[in-house]
Structure formats: C-alpha cells, structure tokens
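Notes follow once the structure below has been shown.
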C-alpha cells in the first residue's frame with residue numbers, strides 16, 4: 027500500500043528530517059493489517075471533497091495527500107451546511123475535518139465568523155496553529171483566546187479582526203463581557219473534545235455561549251468528540267438542528283497501533299524504573315502523565331538529576347512558561363515532557379513515540395485519551411504503565427474498557443532499590459504484632475479452660491442486701507413526706523380522724 031499522510035498535526039517531513047534517535051529496544055510496531063484502511067480514505071482525495079484551490083495548495087505544501095476517514099465523511103456534510111455530531115478515534119485528524127471547510131467557506135475581512143471551543147489552553151493554541159498552517163494561502167486567520175495571558179495582548183490581537191477564534195469557554199466569556207468579542211457574525215460554532223469539556227464542568231458555560239450566538243440557520247453547529255455519551259447527544263439535540271451523526275469507526279477506542287505494556291513496581295521504585303527505561307530505551311519523544319501536580323514537579327527534578335532532558339507542564343505554571351515548553355516539545359528539542367492530566371487533551375504532537383502512565387488514572391477513559399497522544403496519523407507508538415501492587419484493580423478496569431489484555435513487560439536489568447526507612451519500620455512493626463498474636467494463640471491453647479461460675483439467683487449481686495424498700499413513685503417523682511403535705515395543702519384538705527368524713 028502506498029504511504030499516505032493526513033492532516034492531523036505538523037508537517038510530516040519534520041519528523042523524517044529530525045536527527046533524534048529513533049531505534050529503541052521496544053520497537054515501534056509495523057502497521058497492522060487493515061489499520062491504514064481504518065484511518066485513511068483510499069477512495070477520495072482532498073480535491074474530490076470540493077475544497078477551493080487556495081485551501082488545497084496549503085494542504086499540498088504541508089505534505090498531506092489523502093484525507094482520513096473522518097475527514098472524508100465530515101467535510102462534505104459541513105460544506106453542505108448541516109449540523110454535525112461527529113465521533114472519531116483520537117489522532118485521526120478531527121481538527122482538519124472541521125477546519126478545512128471553514129477555510130473554504132468563511133468570508134475575508136469579516137471578524138469572528140467561527141468560534142471553536144476547546145477544553146484546554148494547549149489545545150486552543152494547537153488548533154489555531156494548525157488552521158493557520160493549512161490556510162496560509164487563504165486570507166483567513168485564526169487566533170487563540172485563552173486564560174493565563176494578558177488581556178491587553180489578547181485585545182490587541184482581537185482588534186485585528188481574526189475570522190476564526192479558538193477559545194476556552196471561561197476566557198471567551200470574559201472577553202465577551204468586556205466588549206472585546208461579539209458573537210453576531212458567528213457562522214460556525216464548533217465544540218471540540220466536547221466530552222472533556224463536560225467532564226471538567228463547562229456545561230453551563232457552553233449553553234450560555236451557544237444561546238448568545240445567532241440561531242440556526244445562520245449558525246452551523248458542529249460537535250466533535252472521541253466519545254459520544256447520552257449527555258452529549260442531549261446537548262446536540264438542544265443546540266443543533268437535525269444534526270447528522272457521523273461515527274468513523276466502531277469498537278474499542280484504543281488506538282490500534284499503540285503497543286501497550288504494564289510494568290509492576292513498588293511505589294518507591296517508580297521514578298528509578300522510569301529513569302532506567304528512559305536511559306536504556308532512549309525513546310525519541312516521550313510524554314509522561316502523573317495524577318498530581320506535585321508529582322509532576324518532583325519527578326521532573328529527579329529526572330534532571332539523572333541528566334535526562336525533562337520538563338514539567340501543569341496548570342499552576344505561567345502560560346508563557348507552558349508555551350515555551352510546548353514549543354520545545356513540538357519542535358523535537360525536548361526529549362521528555364511530564365504533564366498532569368489537565369494536559370492530556372491539549373497536547374497534539376504528531377511525533378510522540380512513547381506515552382508513560384506514571385500513575386494509572388482513576389477513570390479508565392482517561393487512559394484511552396492519554397495513550398492516544400502517540401500513534402498519531404497512522405504511525406506506531408508505545409505505552410508503558412507503571413503499576414504498583416495496590417493499582418491492580420485499576421488495570422483490570424482499563425482492560426475491561428479496551429476489551430484487551432495489557433501484557434506485562436519484564437525488565438530483568440532493573441535492580442530495585444533498598445526499602446525506605448519508613449517502609450522498613452512499618453513492616454518490622456507488622457511482623458512484631460503478628461509474632462505477638464501468634465504466641466498468644468499458642469499460650470491460650472495450653473491453658474486449661476476456666477471453670478464455669480455458679481451464680482445463686484436468690485441473692486442480690488455483689489452480696490448487697492437492701493435494708494428497706496425503695497421510695498414510692500408518684501407521677502415520675504419520689505414520693506416523700508414533704509410532697510404529701512404540699513399536695514394536701516394545695517388541695518386545702520385536712521386529714522380526718524379515723525372513721526370521720528373529710529372536711530372541706
């Protein structure tokens with residue numbers, strides 16, 4: 027089958043001309059039989075899709091020749107003016123699937139004609155870069171609107187009137203309230219990675235933004251996601267009109283070209299094992315995912331002490347710092363990027379060879395999105411998951427979701443380190459407690475059973491014998507001589523002589 031490339035990331039030749047090492051012990055897999063047919067359309071070309079020449083020229087100069095299946099399905103429907111609910115596997119070119127029709131249809135010089143909402147800052151930057159790259163021979167410009175940047179800088183860019191806005195919901199609402207953005211010209215409203223936006227709490231923001239945009243038929247609404255839940259379908263029914271549902275593939279969402287492995291390790295040896303893997307395997311471009319921001323920073327510092335070119339990225343960093351790190355990683359000048367889960371949807375770099383789950387995610391769906399950062403555009407990839415003894419249940423949940431076993435990768439060259447002092451003390455304490463319990467059980471078995479105690483039920487407990495009866499009760503109170511006198515006085519009754527009637 028001839029080599030084909032798609033519009034789903036950066037220039038394909040950038041990777042071919044890179045001087046970075048590419049040979050690793052765990053070799054990248056060859057294309058599986060039928061896999062390319064699942065990703066690429068072997069029937070249509072971009073010219074067959076009806077795109078104008080200026081758009082086709084940008085596609086050709088980017089080095090792309092054949093559309094992916096989702097692109098071949100989605101582009102004609104969007105060009106026909108229909109609302110769309112599209113689902114496709116991660117890494118199959120969803121951005122170009124909605125970006126190319128916009129570049130074809132949008133008018134020159136009319137600001138804010140398209141609004142693309144995304145869950146993370148990094149994804150907004152990536153989408154804007156990709157659209158500008160594909161549309162460099164058109165007059166259409168895209169600009170990102172994200173948090174973490176100065177409002178004055180973004181206001182300056184917005185004043186130039188870009189036709190396409192790529193934004194996170196919170197920042198675009200803020201800019202709209204400031205009067206720096208309006209929605210009256212919006213012809214295309216795109217919700218990219220809509221499942222993730224719903225997961226992180228953008229439901230109300232999405233509804234408010236879409237209600238402010240012009241209604242159908244002036245506005246065309248496009249939902250794009252790796253998964254489509256009933257909630258997403260309900261959202262589409264509310265804000266789209268007769269949306270055409272397009273599913274480019276069925277079955278497991280796991281990218282079929284990713285070789286997945288798990289390595290069992292104690293929690294205190296995880297960073298040593300990761301450093302060992304990165305040093306001995308020498309992967310070309312590695313993305314490491316951690317659950318906590320603190321773990322990201324600590325792991326980054328440790329790897330740097332081992333002379334590994336690693337940098338961290340998470341939500342607490344300044345946006346300018348995150349942009350610099352992403353630029354280095356995207357250009358191949360950074361070997362290892364360690365990121366929190368916030369970045370799992372925002373990193374769209376075509377040449378990532380390895381993904382490492384330093385911590386297994388609690389949500390199995392997040393595992394799918396993590397490993398989907400590799401094996402982009404039909405290329406191979408490797409995913410390593412470091413699994414501690416208490417994470418076996420999480421691994422089982424992941425295997426149930428992807429309907430496949432994640433095989434164990436033995437690494438005999440790695441020598442575990444000594445037990446930490448705290449762990450040794452804890453285990454010594456547990457051993458001592460177990461020994462005491464066992465010795466008690468042996469002693470109890472040699473002692474004769476106690477004789478039963480005979481209780482005389484005719485005697486009061488403790489040998490106490492009462493000398494008088496307890497006081498009588500009247501209305502819940504103890505009946506005393508004083509209480510009787512008070513009661514008689516209140517009734518104004520004198521005690522009669524024996525046999526005489528009482529006096530009133």
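Residue numbers (my numbering): 27 to 530.
Backbone N, C-alpha and C define an ideal beta-carbon position, used for all residues, glycine too.
| Item | Value |
| --- | --- |
| By the 10 Å Cβ neighbour count, where 16 or more other Cβ atoms means buried, how is residue 215 classified, buried or exposed? | buried |
| Tell me the rounded alpha-carbon separation between residue 83 and residue 350. | 30 angstroms |
| Report yes if the C-beta distance between residue 201 and residue 171 is below 7 angstroms; otherwise report no. | yes |
| Can you tell me which of 392, 435, 344 and 376 puts its alpha carbon nearest to the alpha carbon of residue 175? | 344 |
| Measuring only the C-alpha atoms, how far is residue 416 from residue 288? | 14 angstroms |
| If distances are taken between C-alpha atoms only, which option among 173, 393, 362 and 361 comes closest to residue 150? | 173 |
| What does DSSP give as the partner residues of residue 142 in its beta bridges? | 192 and 216 |
| Bridge partners for residue 270 per DSSP, in chain order? | 110 |
| Compute the minimum distance between the beta carbon of residue 253 and the heavy atoms of the ligand SAM, and state whether it is under 6 angstroms. | As far as ligands go, the structure on display features none, and thus does not contain the ligand SAM. |
| On a CA-only basis, which of 385, 330 and 355 is nearest residue 375? Give me that one, please. | 355 |
| Using three-state DSSP, classify residue 443 as helix, strand or coil. | coil |
| Helix, strand or coil for residue 128, going by three-state DSSP, please let me know. | helix |
| Since residue 132 contacts residue 166 with CB under 8 angstroms, what's their CB separation in whole angstroms? | 5 angstroms |
| Counting only the same chain and skipping the five closest in sequence on each side, list residues whose C-beta sits under 7 angstroms from that of residue 168. | 154, 157, 158, 188, 190 and 192 |
| Which of helix, strand or coil does DSSP assign to residue 339? | strand |
| From residue 162 to residue 212, what does the alpha carbon distance come to, in whole angstroms? | 22 angstroms |
| Among 241, 185 and 353, which residue has its Cα nearest to the Cα of residue 602? | The requested residue 602 does not occur in the structure, where the chain is confined to residues 27 to 530. |
| If you count every other CB in all the chains shown that lies within 10 Å of the CB of residue 352, and 16 or more means buried, which is it? | buried |
| Enumerate, from N- to C-terminal direction, the unbroken beta strand (DSSP E) stretches of 3 or more residues contained entirely within the region 367-432. | 380-383 and 407-413 |
| Is the beta carbon of residue 261 sitting closer than 7 angstroms to the one on residue 401? | no |
| Going by DSSP in three states, residue 302 sits in which element: helix, strand or coil? | helix |
| Are the region 375-384 and the region 302-317 touching, with three or more C-beta to C-beta distances below 8 angstroms? | yes |
| Is the beta carbon of residue 221 sitting closer than 7 angstroms to the one on residue 253? | yes |
| Using alpha carbons as the reference points, say which of 177, 242, 440 and 413 lies closest to residue 301. | 440 |
| Would a C-beta distance cut-off of 7 angstroms place residue 96 and residue 251 closer than the cut-off? | no |
| Mind checking which residues open and close the beta strand (DSSP E) that includes residue 265? | Where residue 265 is concerned, there is no enclosing beta strand (DSSP E), although the alpha helix (DSSP H) it sits in stretches over 256-265. |
| Would you call the CB atoms of residue 236 and residue 208 closer than 7 angstroms? | no |
| With burial defined as no fewer than 16 other Cβ atoms inside 10 Å of the residue's Cβ, what is the status of residue 408: buried or exposed? | buried |
| Thinking just about the alpha-carbon of each residue, which of 86, 146 and 120 is nearest to the one in residue 195? | 146 |
| Which same chain residues, not among the five before or five after residue 389, have their C-beta less than 7 angstroms away from its C-beta? | none |
| Where does the unbroken alpha helix (DSSP H) through residue 345 begin, and where does it stop? | 345-357 |
| Where do the N-terminal and C-terminal ends of the alpha helix (DSSP H) with residue 581 fall, by residue? | The chain is shown from 27 up to 530; residue 581 falls before or after that span and cannot be answered. |
| Specify the secondary structure class of residue 239 as computed by DSSP and reduced to three states. | coil |
| To the nearest angstrom, how far is the alpha carbon of residue 242 from that of residue 272? | 20 angstroms |
| Leaving out the 5 sequence neighbours to the left and right, which residues in its chain are closer than 6 angstroms to residue 382 when beta-carbon positions are compared? | 314 and 410 |
| Inspect the beta-carbon positions of residue 108 and residue 270 and report whether they are closer than 7 angstroms. | yes |
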